[in-house]
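Before any comments, here is the structure.
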Amino acid sequence: MFVQTLLTGLAIGGIYALMAVGYSLVFSILNFSNFAYGSIIMLGAYISYFSMVKLGLPIGVAIVLSILGAALLCYLNERLAYSPLRKRRASSLFFMISAMGTAIFLENLVYAVVGAHFYAFPEVFTKSNLTYRGVSIGVLDVFAIAFSFTAIYALHFFLQKSRTGIAIRAASYDIQVCGLNGVNDKHLIGLVFCLAGGLAGISGTFLGMKYIVYPTMGWITNKAYIAAVIGGLGSLPGAVVGGILLGVTETFVSAYVSSVVRDVFSFSLLVLLLMVMPTGLFGRFLEEKV
Amino acid sequence: MWQYISGVISLGLIYVIATVGLAVFTGFTGLFSLGHAAFFAIGAYTAAILTYFYGYNFYLALALGAAAGGLVGFLIGYPTLKAKLRTDYFAIATLGFGEAIRVLLENLPITQGARGLPGIRAYTTLPVLVVCTGMVMMFAWNLIHSRHGRASIAIREDFVAAEMMGVNIFIGRLRSLVFSAACAGLAGGLFAHYYCFIQPSMFSSYMSTQMTAAVVAGGMGSISGPAIATLIFIGIPEALRVANIWRLVAYGLILVLIMIFRPQGLMGYKELNMDMIRGWGRRIRKAVGA
């Protein structure tokens, strides 16, 4: 029971970590909360659902399509909703409102156009379980763990080793100085949004498979923000740890206490942590920059 | 016909009370609350339970509902505002808070869960609403023109400079939050006794969204702007009878467009006054004459 709960928690935590990393990535560069990210994840789930069911594509192609589609959406979001503000050097408050507006717009556009139906993914590997010494785990969970950790590791590798990755890390310290040193910050920001969108596509697909695809999947994606705050906003290792921590503790609470208090619990965890460690576990930004 | 019009006006005024409260908080301290519907719900449930189960006097119940909203605002604001963290931390904490409150309301025995409370007495009448709105507007007006209000504006504009001048950021923000939560609680109590039925799903993020949209569209740093925007947001869809769902799509789009084209909102740091109306009159006369 314990090991099984832990594994299920890791599977959910891995998805949370993916979402939190995507959100934190944007935060670390542009210093604002991209609240539109949740709806990009939701749209990623829709893309892979429709490409599997309506177009009859295999799961691998669907994931790739969803990565590309979500990356494009995230990029367009930046071009249309944020870059006009960036040109005006608006404060991060305005970015946040614009992001909130985008989230409301996208979520309700899906409601209005696709409708409030609940879509369940065709069962690719949800039914079967792997059993080993009395511990059984869904194949989907295994895939979720493998995929999310691979994606996170790939991102880590990219940020550590590649030239562009170094530029992104530099920009997360100070984007203006980074620009002065010859980095094209416009392209860099576009690329960061594409990366974040790609992660949104993966996590959206797995969220959709694990739960159900519907317009207000948003509440689950809100967990990404909570995970990122637990780990410390703007810190990628923090986002990973926060996501896994949140996923595992939530699963334990639903397994041993009650699934009803799960969301209340994750909120209390957040507030308690903010009281004890105001910057989260790995936070860099204690106070707003001057 | 009059009944219909007075119904629309009543609903508009209930939201004006809540939005004016939010305007004092968001518009004057620059902090975002993404879970303001929770304070609304707390006020609604407190007042409704008091009159419904315990036979309290309506006005006493309203006051206690507002007090309960303010108290919860204090409890949530104390840990999250204490550390002077970035505004994003606060926004995400309120996001989780809103959802946690909704889960609690759905599972507590006294609130009768998702079934809601039917058969609350219809005490809220138009005169009561007009008096309440007037009182809240006057209180808000005096608050923002007091020492506290000037300090709040200083915090919003540049909190480092404000702190250097001896403004206590924590107290200033917390006081605004408690006031705004109490306004939301009052509006909730009026709402419960207007609709005669409340259930947890009424206080969804949709309500928080509408309030935030009204504050931003009406103009941050204005009291009359958000109030006018609320009346427009309630009135126009009622008048045009457009599908409810496209209203939310429009809210999202409005937020983004305002941020891009007119970040100061409808009134933008100004209040509706006679000079402004005379100015419009002059301009109209000029246009007609020319």
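Chains as they are written, first to last, in the numbering used here: chain A, 3 to 292; chain B, 69 to 358.
Quick reminder that beta carbons are idealized off the backbone N, C-alpha and C, glycines included.
Per DSSP, residue 131 of chain A forms a beta bridge with which residues? A:140
Which bits of chain B does residue 231 of chain A rub up against, with CB to CB less than 7 Å? 157, 160
Which listed residue (A:252, A:249, A:217, A:259) has its alpha carbon closest to that of residue 40 of chain A: A:217
Given residue 277 of chain B as reference, the closest of B:159, B:114, B:149 once Cα atoms are compared: B:159
My output table needs one value for residue 120 of chain A: the three-state DSSP class, helix, strand or coil. coil
At a Cβ cut of 9 Å, what residues of the segment 184-196 of chain B count as close to chain D, listed as they run along the chain? No chain D appears in this structure, whose protein chains are A and B.
Please tell me whether residue 283 of chain B and residue 90 of chain B are closer than 9 Å, where the distance is taken between their beta carbons. yes
At least 3 beta-carbon pairs within less than 8 Å: the segment 47-57 of chain A vs the segment 25-39 of chain A: no
For the segment 209-229 of chain B, which residues have a beta carbon sitting closer than 7 Å to at least one beta carbon of chain A? 228
Just list the beta strand (DSSP E) runs in the segment 57-108 of chain A, keeping only unbroken ones of 3 residues or longer that don't cross its boundaries, in chain order. none
How would you list, in chain order, the residues of chain B whose beta-carbon sits under 9 Å from the beta-carbon of residue 242 of chain A? Chain B residues near residue 242 of chain A: none, gap ~18 Å exceeds 9 Å.
From B:96, B:279, B:178, pick the residue whose C-alpha is nearest to that of residue 103 of chain A; which is it? B:279
Nearest-angstrom Cα distance between residue 132 of chain B and residue 125 of chain B? 10 Å
Could you pull the start and end residues of the alpha helix (DSSP H) that residue 36 of chain A belongs to? Here residue 36 of chain A belongs to no alpha helix (DSSP H), and DSSP marks it neither H nor E.
When you compare the CB of residue 99 of chain A with every CB in chain B, is at least one pair closer than 9 Å? yes
Short-range partners of chain A found in the segment 129-155 of chain B, where Cβ spacing is below 8 Å: 144, 147, 148, 150, 151, 152, 153, 154, 155
Does any residue of chain A have a CB that is nearer than 9 Å to the CB of residue 167 of chain B? yes
Using only CA atoms, which one of A:132, A:98, A:123, A:264 lies nearest to residue 215 of chain A? A:123
Compute the Euclidean distance between the alpha carbons of residue 290 of chain A and residue 140 of chain B, then round it to the nearest angstrom. For residue 290 of chain A, the predicted structure reports a pLDDT of 49, less than 50, and the residue's modelled location is therefore unreliable. The matter cannot be settled from this model.
Buried or exposed (CB count within 10 angstroms, at least 16 for buried), residue 184 of chain A: exposed
Taking residue 103 of chain A as the query, report the chain B residues whose CB atoms sit under 9 Å from its CB, ordered along the chain. 281, 284, 319, 320, 321, 322, 323, 324, 325, 326, 327
Along chain A, in chain order, which residues have C-beta atoms closer than 7 Å to that of residue 125 of chain B? Those do not exist, as residue 125 of chain B stays about 32 Å from chain A at its closest Cβ, beyond 7 Å.
Which whole runs of the alpha helix (DSSP H) in the segment 292-323 of chain B are 4 residues long or more, in chain order? 292-308
Given a threshold of 16 other Cβ atoms within 10 Å of its Cβ, counted over all protein chains shown, does residue 319 of chain B qualify as buried or as exposed? buried
Short of 6 Å in beta carbon distance, which residues of its chain neighbour residue 5 of chain A, apart from the five on each side in sequence? Order them along the chain. 137
So with CB distances below 9 Å, who are the chain A contacts of residue 294 of chain B? Going along chain A, no residue has its Cβ under 9 Å from residue 294 of chain B, so there is no contact; the nearest lies around 14 Å.
Compute the distance between the beta-carbons of residue 65 of chain A and residue 150 of chain A, then report whether it is under 9 Å. no
Using a cut-off of 9 Å between C-beta atoms, extract the partners of residue 86 of chain A located in chain B. 327, 328, 329
Which bits of chain B does residue 265 of chain A rub up against, with CB to CB less than 9 Å? 164, 167, 168, 170, 171
Can you list the residues of chain A that residue 98 of chain B reaches, using a CB-CB cut of under 9 Å? 93, 95
Residue 35 of chain A versus chain B: which residues are under 8 Å apart at the beta carbon? 156, 159, 160
Are the beta-carbon atoms belonging to residue 289 of chain B and residue 221 of chain B less than 9 Å from one another? yes
Straight-line Cα distance separating residue 301 of chain B from residue 50 of chain B: No statement about residue 50 of chain B is possible, as the shown extent of chain B runs from 69 to 358 and does not include it.
Close Cβ partners of residue 292 of chain A (< 8 Å) along its chain, the five nearest in sequence each way excluded: Residue confidence for residue 292 of chain A is low, a pLDDT of 43 falling below 50, so the modelled location carries little weight; the figure read from the coordinates is stated next. None.
When the cut-off is 9 Å and only beta carbons count, does residue 280 of chain A lie next to chain B? yes
Please state the DSSP three-state secondary structure of residue 195 of chain B. helix
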